[in-house]
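The structure appears right after this line, and notes come after that.
Residue numbers (my numbering): 24 to 189.
So this is what it looks like as structure tokens:
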């Protein structure tokens, strides 16, 4: 029985092989007429080289020309070993000064963020750019931030957070 099935399968497969011969012949005939052609590359035009001869003028290709000259170089950057204060995890734009108070002859500011009120004074840090509070007035908080400029140098920048009045 198994031999009969084997012979039958071989016969069917042999019949399929004859059908593929006409397909192979047609493919060979079509392939003879196909000729690939690659277009030649266009000729490369050469342009004259022009030297920059404006020696005394500002070089427009140097990145330092766009840095403001009023910035002060700090050096190696902020103290990364200093413990971070809670308000340093928020961007300065998200902090709101909502009031001030005097405590032992020292002006303190009240900062609102995420529905909580924080009390800060000169010497505290806030904002994500290592901003140290230099002065608290009734109308604003003045701070000095240390940021990295486009050249990789650390520079100081003065910022302020104004009292939010209703």
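Glycine is no exception: its CB is placed at the ideal position from the N, C-alpha and C atoms.
The structure displayed is predicted, hence computed values, not measured ones.
Under the three-state DSSP convention, the category residue i falls into
{"i": "residue 174", "result": "coil"}
{"i": "residue 69", "result": "coil"}
{"i": "residue 168", "result": "strand"}
{"i": "residue 181", "result": "strand"}
{"i": "residue 149", "result": "strand"}
{"i": "residue 120", "result": "strand"}
{"i": "residue 158", "result": "strand"}
{"i": "residue 61", "result": "coil"}
{"i": "residue 52", "result": "helix"}
Rounded separation between residue i and residue j - CA only
{"i": "residue 172", "j": "residue 178", "result": "7 Å"}
{"i": "residue 158", "j": "residue 71", "result": "59 Å"}
{"i": "residue 131", "j": "residue 138", "result": "19 Å"}
{"i": "residue 124", "j": "residue 136", "result": "18 Å"}
{"i": "residue 168", "j": "residue 77", "result": "37 Å"}
{"i": "residue 112", "j": "residue 128", "result": "29 Å"}
{"i": "residue 59", "j": "residue 81", "result": "55 Å"}
{"i": "residue 45", "j": "residue 56", "result": "17 Å"}
{"i": "residue 152", "j": "residue 144", "result": "17 Å"}
{"i": "residue 187", "j": "residue 160", "result": "13 Å"}
Residues bridged to residue i (per DSSP)
{"i": "residue 130", "result": "125"}
{"i": "residue 142", "result": "133"}
Sequence-distant residues of the same chain with beta carbon closer than 7 Å to residue i, five excluded per side
{"i": "residue 185", "result": "120, 162, 163"}
{"i": "residue 141", "result": "109, 110, 134"}
Other residues of its chain near residue i: CB distance less than 8 Å, five sequence neighbours each side excluded
{"i": "residue 93", "result": "Bear in mind that a pLDDT of 49 at residue 93, under 50, signals an unreliable position, so the model cannot answer this."}
{"i": "residue 147", "result": "108, 110, 155, 156"}
Presumed contact (8 Å Cβ cut-off) between residue i and residue j, rounded CB distance
{"i": "residue 165", "j": "residue 180", "result": "Actually they do not touch by this definition, with Cβ atoms about 12 Å apart."}
{"i": "residue 150", "j": "residue 114", "result": "7 Å"}
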